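Number of protein chains: 2
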Amino acid sequence: MKKIIVASHHKLANGFKNTLEYILPNTVEIIDISAYLENVSVDKQIDEVLSNFTKEEQIFVFTDIPGGSVNQAFIRRLNDYNIELISGTNLSILISIATQLGEKNIDKDTIREEIINAASEIVYVNDKLASQSLDEDDE
Amino acid sequence: MKKIIVASHHKLANGFKNTLEYILPNTVEIIDISAYLENVSVDKQIDEVLSNFTKEEQIFVFTDIPGGSVNQAFIRRLNDYNIELISGTNLSILISIATQLGEKNIDKDTIREEIINAASEIVYVNDKLASQSLDEDDE
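Chains as they are written, first to last, in the UniProt record's numbering: chain Y, 1 to 139; chain E, 1 to 139.
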């Protein structure tokens, strides 16, 4: 089964893993990294996880916030592995990438497109319902 | 302390709570709802949580995905409470709303702006670094 990495300050990564496994069972193996929770450096945690991958295979890594230290730690590994690093993770981007993972690599344009889609899923639902109601009134 | 609700299929909500409490300690009380984990209906879980709020106070609710049943369950309560319902949650939108919560309500334009900001934080880091490197080459 294909593997992805989700990494965060504390337990958010584990939350993503738990919910993604519920929504998409047996689709992808999710390796979660919870930084600063135990007395182990984030660099050591990351190196242990990356040792499960080859230098050539496409590795998807999802982190919590772009400016955070967890994301910075993965930036330092971008030249050593074939990492696709996505930050600001929400469940939508995880679902869309997890469902497309297969034998072939996912190309960069597809990744860009799925990030735009996932960003559009951060929705102010009150507004969305109001505009849907207006649309219905127009019909 | 001001309260916010984070709700998801399974444990993602708890992950957001755990990480937000680490990044912004003592800023906001986070009530997490993990749906379909135990033999209690999501409606019952939500009604129990909402009973801690008055009908007038502004309640921020963050859910996992817009099309999901957890989000739908909150849509059914929009007319009964003063709920601001945001879906597709990532850590950035939680941080920005949590840091602005105070005695006054957050106005709708601010919520819209913060959603746009949070959406722009879903970043393909490889691309961002490449464009930064190009910018530096131009200097």
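The beta carbon of each residue, even a glycine, is placed where N, CA and C say it ideally should be.
Predicted model only: the values in this text are computed from it and were never measured.
For Arg112/E, the nearest CB of chain Y lies under 8 angstroms from its own CB, placing it at the interface with that chain. Here the alpha carbons of Asn79/Y and Ala130/Y stand approximately 47 angstroms from one another. A direct Cα-to-Cα measurement between Val123/Y and Arg77/Y gives close to 33 angstroms.
Of all residues in the stretch 89-105 of chain E, those with a C-beta nearer than 7 angstroms to a C-beta of chain Y are Thr89, Asn90, Leu91, Ser92, Ile93, reading in chain order. For Ile46/E, the enclosing alpha helix (DSSP H) covers residues 42-50. Judged by their CB atoms, Leu91/E and Gly15/Y are not nearer to each other than the 8 angstroms cut-off.
At the C-beta level, Tyr81/Y and Leu101/Y stay beyond 8 angstroms of one another. No Cβ-Cβ contact shorter than 8 angstroms links Ile33/Y with Ile59/Y. Annotated three-state conformation of Lys17/Y is helix, per DSSP.
With a contact defined as Cβ atoms closer than 8 angstroms, Ile115/Y and Ile93/Y qualify at about 6 angstroms. Under DSSP, Ile4/Y shares a beta bridge with Ile30/Y, Phe60/Y.
The Cβ-Cβ distance between Thr54/Y and Ala7/Y does not fall below 8 angstroms. Beta bridge pairing from DSSP links Asn82/Y with Gln58/Y. In chain Y, no part has a C-beta under 9 angstroms from the C-beta of Asn79/E; the shortest such distance is about 10 angstroms.
Ile30/E is the residue among His9/E, His10/E, Ile30/E whose C-alpha sits nearest the C-alpha of Thr99/E. Counting along the chain, Glu121/E sits inside no alpha helix (DSSP H), nor does DSSP assign it H or E at all. In this model, Ile106/E and Ser87/Y are separated by some 26 angstroms (Cα to Cα). Looking at Glu57/Y, Glu21/Y, Pro25/Y, Gln72/Y, the one whose alpha-carbon comes closest to that of Ile46/Y is Gln72/Y. Taking 8 angstroms as the cut-off, the Cβ atoms of Ala118/Y and Val70/Y do not count as close. Counted as a single uninterrupted DSSP element, the alpha helix (DSSP H) harbouring Thr99/Y occupies residues 91-100. The Cβ atoms of Leu85/E and Val61/E lie closer than 8 angstroms to each other. Using a Cβ-Cβ cut-off of 8 angstroms, Leu129/Y counts as an interface residue toward chain E, since at least one Cβ of chain E sits closer than that to its own.
Taking a 10 Å sphere around the C-beta of Asn26/Y, we find fewer than 16 other C-beta atoms and assign the residue as exposed. The continuous alpha helix (DSSP H) containing Asn71/E extends over residues 69-75. Shown in chain order are the members of the stretch 48-75 of chain E whose Cβ falls below 9 angstroms from a Cβ of chain Y: Val61, Thr63, Asp64, Ile65, Pro66, Gly67, Gly68, Asn71, Phe74, Ile75. Under the Cβ criterion of 8 angstroms, Ile115/E is counted among the residues facing chain Y.
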